[in-house]
Amino acid sequence: MLKRIVPVLLALGVLIPLTQQPAHAQTQGLTLDARAGFDGYVQQGEWLPIQVTASNDGEDLVGELRVEMPTLTGSSALYTRPIDLPQGSRKTVTVYVGEVGGFAEEVRVDLVERGRVVLTEEVELEFVGGSSLLIGQWSDNAAFLRNLGEVRPNDTAVAFITAEDLPDVAAAWSALDVLVVADTDTTALGPDQRAALEQWIISGGRLIVGGGTGALRTAAGLEGLLPLTPTDTTEASIETLGQAAGDPFGQGIDTATTVATGDLSEDAEILLTAEDGTPLIVYQEMGAGRVDYIAADLGLEPLRSWENIAALWTLILADSPALPGWAQGPGGQWSSARTAVAALPNVSLPSILQLCGFLGLYVLLIGPINYLVLWRLKKRELAWFTIPILVVAFSLIAYFTGFQLRGSRPILHRLAVVQLYPGTQEAQVNGLLGVWSPRRTAYQIELDPGTLAQPIPPDTASALVNTGQVTIESDPTGTVLRDVRVDVGAIQPFMLDMRTADVPQIGGDVEVNIEDGLLTMAGDVINFSPLDFTDLSLIFAGTVIRLPDLPAGEVLRVDETVSLEGGSVQSSGTFLDPPSGAVNQFTGGGGFYYSGYYSGPLTAFVPQAEECYLPENTRICSLASSVLRHEGRGSRVYLVGWTESVPYETQLLTGSADTEDLSMYIVQLGASFDTDDLSEIPPGLMTWVPLTTSTVGTPYDLALSGDVEAAFRFQPISLLPPISADTIVLRVRYDGGAGTEPIVQLRNVQTNEWEEVEGIVWGANTINNAQRFIAPNGAVDARLISSTEFYNYISTFDITLIETQ
87 MLKRIVPVLL ALGVLIPLTQ QPAHAQTQGL TLDARAGFDG YVQQGEWLPI
137 QVTASNDGED LVGELRVEMP TLTGSSALYT RPIDLPQGSR KTVTVYVGEV
187 GGFAEEVRVD LVERGRVVLT EEVELEFVGG SSLLIGQWSD NAAFLRNLGE
237 VRPNDTAVAF ITAEDLPDVA AAWSALDVLV VADTDTTALG PDQRAALEQW
287 IISGGRLIVG GGTGALRTAA GLEGLLPLTP TDTTEASIET LGQAAGDPFG
337 QGIDTATTVA TGDLSEDAEI LLTAEDGTPL IVYQEMGAGR VDYIAADLGL
387 EPLRSWENIA ALWTLILADS PALPGWAQGP GGQWSSARTA VAALPNVSLP
437 SILQLCGFLG LYVLLIGPIN YLVLWRLKKR ELAWFTIPIL VVAFSLIAYF
487 TGFQLRGSRP ILHRLAVVQL YPGTQEAQVN GLLGVWSPRR TAYQIELDPG
537 TLAQPIPPDT ASALVNTGQV TIESDPTGTV LRDVRVDVGA IQPFMLDMRT
587 ADVPQIGGDV EVNIEDGLLT MAGDVINFSP LDFTDLSLIF AGTVIRLPDL
637 PAGEVLRVDE TVSLEGGSVQ SSGTFLDPPS GAVNQFTGGG GFYYSGYYSG
687 PLTAFVPQAE ECYLPENTRI CSLASSVLRH EGRGSRVYLV GWTESVPYET
737 QLLTGSADTE DLSMYIVQLG ASFDTDDLSE IPPGLMTWVP LTTSTVGTPY
787 DLALSGDVEA AFRFQPISLL PPISADTIVL RVRYDGGAGT EPIVQLRNVQ
837 TNEWEEVEGI VWGANTINNA QRFIAPNGAV DARLISSTEF YNYISTFDIT
887 LIETQ
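Read in order, the letters of the sequence shown are residues 87 to 891 in my numbering.
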C-alpha cells in the first residue's frame, strides 16, 4: 500500500507548483498602491474616494478594480472600475465607494483579470465623527499651516494632501469641511478636479488660500474662484491682523511682510486691511460656501514665528456663512430615504376591508352557502367535488387579482432634490431611485455619466429587502447598476449623487424691506423651463411665504408682507461652534418633527408638514427630510417648488419600465435689502445655535430638571447691517400654565463671565443698557438653568435687539 501512495505524493508535489505558476507569473511586474479618503480620514455616511495607482512591467493586462462593502445584514455592494494596463504603463484611477460601516478598520482593493484576483491591496481607514472638523492642508511647506488643529481642540483632524488626493467628482469631497492652500502650484489640478472644487464650494465647502511671495503660482489654477486675483506683491504691516485676532505681535517685532496685491472680484468683501488700506483678508461667498484669501505670506516673519497663529485661523473660521441644512445633501438620513422610495404612488396593497370582505366571501361560499345549496339539491355527497372547485377558483381569482394589482412592468421610482445658485453653471442633484418589480428577477440599469450611486443600507424591519450583492460599475462613459435583484412586489433603493447643467431653470430677484416688525418681499420669479411647478414657498430666515403655482414659461409677481414675531431658526453655526447633534437627535435630525411653537424645516418645504403622518404626504415629507442634515435655513432668500420630473435619465438594459418622478427644487434668489431705518431685530430675523453638546432640545421646546442647563447663542442673520443695540427683550414662555421661572444668565462679552438676569418673569423681560452682553456682530449668549428639582418646561426662549439711542 505504501509503495502505491509514495508515487502519487511525488506526482502531486510536481503538479501543484505547476498549477500555481500562472497566478504567480501574472503578478510579476504588477504593483498596486491605494489611498483612501483624505490622508486616510473618512467619515461615515459620506462618499469614500479610493485612489488606486497601478503599474505593470509585465504582460499586458485588461481587468478591473473591485472594492466590496458588506453590510450588517449580510448583503453587500461591489464597486468596480475597469483598468487597462499595457506593458510598461502606470495609471491612477479613483473608485468611489458609498456607505462604509463604522466598524471597518480597512478596505481591500482587488485587481481582477477574467474573474480572478491577481493582486490585492489593503488600505487602513481612520474615521472622524460626523460633527468633527476635517481640514485639508495642501502646501509644499507644511510648516506654513501649522496649528490648524487647534481651532477646535480635540475635535479637529488635519489631512495633509496633494493635488493627486483631490477627487474629480464633487460629491466625493463631502467629508472635507475646509481646504487650506498655500505656496503650491495649483495648476496641478486637472479640469475635472478644478470643476469638482468649485462645485464643492458652492455646496457649502470652505476654501482658504494664502498669498505672499508664492501668490501667483498658488492662484494660477484657481482662476475665477478667488476674491482677490494676485498680480503683484508689496510690503505692508500686518499689525492690524494680530490685533484683530486678539493676540498682538508685541513690542519690537517688525510686522512688515510681503503681501499679495491684485484685483478684487465683483462679489469680494474685505474682512481686514492693513493700516495703509492694503487688503489683508478678503472673502467672497459662492453658493452656500465661501472662499477666503489671506494676502500675507504665511512662511515669512512675523507669521512664521507667531506662536499663536491658531488665532488667525480662529479669526477666519469664526466668520462663517450660515449653512442651510440641505446644502450638503444627504448625510446618512437613511430612514427618510427608504421611506420616500417605498412611498410609490399607484402601487398599493388592498385595504383591510377588501381583504376581510374577500376572506368573508370565501368562508361563506365554502361553508354555509355550499352546504345549503347541496342540501336543497339533496346532493350533499357532492361536497367532495364542490369544495376543491371553490378552493381552486378562489385561488385563481386571488392570483389574477394580485397580478392585475402588480402589473406586468417594473417601475423606476425616481426622486430628486435639485439645488440652484445664482451665477453657477451646474445644479447639485441628490437623487433617490427605487426599482420596483412585479416578479422576482434581476435588472441592469444604466445611469448618466458622472453619477455616483450606492444602495441605501437595508433596514431588516422594513419592506425594502436588499437581496445579495449589487454591482456598481463606473467609468468615464457612465455608471451601470448590475444584478439588481428584486423580489415580488419589493423595492430595491439606491442613492444617486451628481452635478449637471441639464436642468430646468427657474430664478428671479426680490427686494426685502424690513420696517416696524414687518417683512415685505417684492419681485419677480421666472420659470424659464417647460415644467410646471407647484406648492411654491419663499424662505427667508424664520419666515415662510406660500406662493401660487408657477406654470411653464410664466412670471410670478411677488408682493407679500408678513409679521416677524415668529420664532428664530436654528443656524449651522460656525466651524468653531460645538456640534449640535444633541439638538438634532431631539428634533429627529430633520425628520417629521413638528410643533405649534417651533417652525421646523419641513414646514418651509412642505405645506402639509404638520400632517406628514398621513399616507398621502409620506412621499414628499420623506424626500424633503432625506436631505436635511440640521434645522438651518441659511441667510439668503430661497424659493422651493415641486415638479413631476427629474433632471437625470435611467435606462433599463433588460427591457422597458414605467417611471414615477418627483423633484423638489431649492433655488437661491437674488435679493436686495432695504434696511436703512432698521432699529430693531426681532426673533424672526435671528438664528440660534447650541453652545454646549449637553443641550438637548430647542429654544421652543425645552425641559430642564435638577442641575441640567441649556445654553444658546442668538445672532442676527448675516445679511443684516449691524445696529447699535443697547436693549435686549428676552422672551421666556411656558404655555402649559403657571410654573417656576428658570434662572436666566447672559454672557458678558467684556469679561467672558455669566451674569444672572434678576427678576425674570414669564413673558417679555426688557434689559436696558445691555451693551455688555452684545458682541460686535450682534450675538448674545444666553443660558437657562432649572430653578427647581422638578422640570422647568420652556415653550419659548428668544431675544429681540433694539437700538433706542
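In this text, a Cβ means the ideal position worked out from N, Cα and C, and glycines have one as well.
Residue i and residue j closer than 8 Å at C-beta
| i | j | result |
| --- | --- | --- |
| R817 | F883 | yes |
| A423 | G290 | no |
| L498 | A539 | no |
| T401 | A331 | The sequence shown places Leu at residue 401, rather than the Thr named in the question. Yes. |
| A268 | F124 | no |
| D196 | I294 | no |
| D383 | T299 | yes |
| V345 | I356 | no |
| Q79 | P313 | Beyond the ends of the chain as shown, which are 87 and 891, falls residue 79; an answer cannot be given. |
| R799 | W840 | no |
| T557 | V630 | no |
Residue i - DSSP class collapsed to helix/strand/coil
| i | result |
| --- | --- |
| W399 | helix |
| Q656 | strand |
| G682 | Interpretation of G682 is limited by its pLDDT of 32, a score under 50 that renders its predicted location unreliable; the figure taken from the coordinates is listed afterwards. DSSP places G682 in coil when its eight states are reduced to three. |
| S731 | coil |
| A109 | Confidence at A109 is low in this model, with a pLDDT of 38, below 50, so its placement is unreliable and the value that follows should be read with caution. Looking at A109 - three-state DSSP - the assignment turns out to be helix. |
| G149 | strand |
| W848 | coil |
| T472 | helix |
| E697 | helix |
| W392 | coil |
| P768 | coil |
| E210 | strand |
| V692 | coil |
| G594 | strand |
| E132 | coil |
| S481 | helix |
| A339 | Just to set this straight, residue 339 is Ile in the shown sequence, not Ala. Correct three-state label for I339: coil. |
| Q414 | coil |
| F672 | The predicted position of F672 is uncertain, since its pLDDT is 29 and thus under 50; no value can be drawn from it. |
| V459 | helix |
| R176 | strand |
| V186 | coil |
| I452 | helix |
Straight-line Cα distance separating residue j from residue i
| i | j | result |
| --- | --- | --- |
| I829 | A868 | 11 Å |
| F759 | V596 | 9 Å |
| S623 | R705 | 18 Å |
| S323 | Q337 | 14 Å |
| T317 | L308 | 13 Å |
| E697 | A381 | 52 Å |
| L101 | Q114 | A caution first: L101 carries a pLDDT of 44, below 50, which makes its placement in the model too unreliable to give a value. |
| D251 | P168 | 20 Å |
| V198 | I542 | 26 Å |
| P416 | V186 | 15 Å |
| A743 | L358 | 58 Å |
| A408 | Q801 | 11 Å |
| S654 | S721 | 12 Å |
| W392 | N838 | 25 Å |
Limits of the unbroken beta strand (DSSP E) element including residue i
| i | result |
| --- | --- |
| T319 | 314-323 |
| L519 | 513-522 |
| A261 | No beta strand (DSSP E) holds A261; DSSP gives it neither H nor E. |
| A249 | No beta strand (DSSP E) holds A249; DSSP gives it neither H nor E. |
| V427 | Element bounds for V427: not the beta strand (DSSP E) but the alpha helix (DSSP H), 420-428. |
| F759 | 756-760 |
| H499 | 497-506 |
Endpoints, alpha helix (DSSP H) assigned at residue i
| i | result |
| --- | --- |
| I283 | In the sequence on display, residue 283 carries Leu and not Ile. 277-288 is the span of the alpha helix (DSSP H), which, as asked, contains L283. |
| L302 | 301-305 |
| R705 | 704-711 |
Check: residue i C-beta below 7 Å from any heavy atom of the ligand NAP
| i | result |
| --- | --- |
| T341 | Here there are no bound small molecules, and the ligand NAP is not part of this structure. |
Next on the checklist: Counting beta carbon pairs with one atom in the segment 700-716 and one in the segment 460-480, are three or more of them shorter than 8 Å?
Outcome noted: no
Next on the checklist: Could you check whether the segment 496-514 touches the segment 737-755, counting it as contact only if at least three pairs of C-beta atoms, one from each stretch, sit closer than 8 Å?
Outcome noted: yes
Next on the checklist: Measuring CB atoms only, is the segment 733-743 touching the segment 526-536, in the sense that at least three cross pairs come out at less than 8 Å?
Outcome noted: yes
Next on the checklist: Can you confirm whether the segment 606-615 touches the segment 554-574 when touching is taken to mean that 3 or more C-beta pairs between the two stretches lie within less than 8 Å?
Outcome noted: no
Checklist entry - Would you call the segment 716-732 and the segment 584-596 touching, i.e. three or more CB-CB distances under 8 Å? => result yes
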